[in-house]
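Numbering (our numbering), first residue to last: 144 to 422.
Working notes, structure below.
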Amino acid sequence: MMRTITCTIALLLMAALAFAQPQAIRVVKKGKGTAVLFLPGFTSPGSVWNETIRHLPRVESHVVSYAGFNGIPPVETPWYPRLRQELLDYIKQEKLDNLTLIGHSMGGNLAVDIAAALPDRVTKLVLVDAIPCMRALMMPGVPASQISYENSYNKQMLEMPDAQFAQMAAGMAANMTSNKAMADTLARWTLEAHRPTYVYGYTDLLKLDLREVLPSVKAKVLILGASFPDEKVVLENFQKQYAGLPAKTIHIAPASRHFIMFDQPDWLYGKIDAFLKNE
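Structure, rendered in structure tokens:
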């Protein structure tokens, strides 16, 4: 009897601890219509999609934000696998079928990952300037096994003085959009991020390679790339990296940097709206 009580108490404690752990995602659900899960990019809050959603009527939007960004408490690392698992759990718990996923940058990676894991639930994907293997472009020939979390660069980033980090954030933001006001917002999002999540989460992305799961994606896919810095090179990179994706259409946004929703919003809304209406 005593052993049974002890085991019951232990199980209750474990359940309570699991419940007390911060969540890796937060989701805001609004509207009625076709279910669409909106996934922002690295350091971006879910609100980055607000204007896009306003231009897409008749959707039930599920807008995701991530732990460690936008004032949301951080979670233990590794970070990206936690996001992926909780998104899979959310889709199953909400019983979402005939689902469309719209993701920007890292959000596009998550969208591909989810579509490959749940091919019978996801019917459409919109990938906004997202690439399956960032490492292949930034560090050609370097395998994931050589990317470590504890390295000199990460140590430097973690210890960087706030003023220097702010200068770096401003420079990066200026390269990601031509919209000066939004560049300031991007820099602020980076500064507000939990620094270890920013550093180790980026390492997660460098280790990620989704090219091998592309054949498992059954959904129709719309890929929208930014033309900066060279439209021809960008298109070639997308065609090469997404070669394993069965059903895809690629469009490159003219005169746009990474945040197409800031640089070419009307072009973006038009492409997504047409894709969603094309059953």
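Glycine included, each C-beta is placed from N, C-alpha and C at the ideal position.
Threshold first: 3 residues or longer. Then list the beta strand (DSSP E) segments lying entirely within the stretch 151 to 235, N to C.
Correct list: 168 to 173, 177 to 182, 202 to 209.
Using alpha carbons as the reference points, say which of Ile-403, Gly-246, Phe-308 lies closest to Ser-321.
Comparing Cα-Cα distances from Ser-321 to each of Ile-403, Gly-246, Phe-308, the minimum goes to Ile-403.
Give me whichever residues DSSP pairs with Thr-392 in a beta bridge.
DSSP, once it has assigned bridges, lists Leu-365 as partnering Thr-392.
For Ser-370, which residues from the same chain have a beta carbon less than 7 Å from its beta carbon, with the 5 sequence-adjacent residues on both sides left out?
Here the set comprises Val-377, Ile-395, Ala-396, Pro-397, Ala-398, Ser-399.
Nearest to Asn-421 by alpha carbon, out of Pro-183, Ala-259, Ile-257, Thr-392?
Of the candidates Pro-183, Ala-259, Ile-257, Thr-392, the one whose C-alpha sits nearest the C-alpha of Asn-421 is Thr-392.
Considering only DSSP beta bridges, list what Val-271 is partnered with.
According to DSSP, Val-271 bridges with His-247, Leu-367.
Per DSSP, what are the beta-bridge partners of Leu-242 in this structure?
Answer by DSSP bridge pairing, in chain order: Val-265.
Would you grab the beta carbon distance between Met-277 and Leu-349 for me? Rounded to a whole angstrom, and I think it's under 8 Å.
With a Cβ gap of about 6 Å, Met-277 and Leu-349 count as contacting.
What would DSSP say about Arg-354, mapped onto helix, strand or coil?
Three-state DSSP puts Arg-354 in a helix.
Alpha carbon to alpha carbon, what distance is there between Lys-363 and Leu-230?
Going by the C-alpha atoms only, they are around 20 Å apart.
Let me confirm a value: Asn-252 is counted as buried when at least 16 other C-beta atoms fall within 10 Å, else exposed. Which label applies?
Under this definition Asn-252 is a buried residue.
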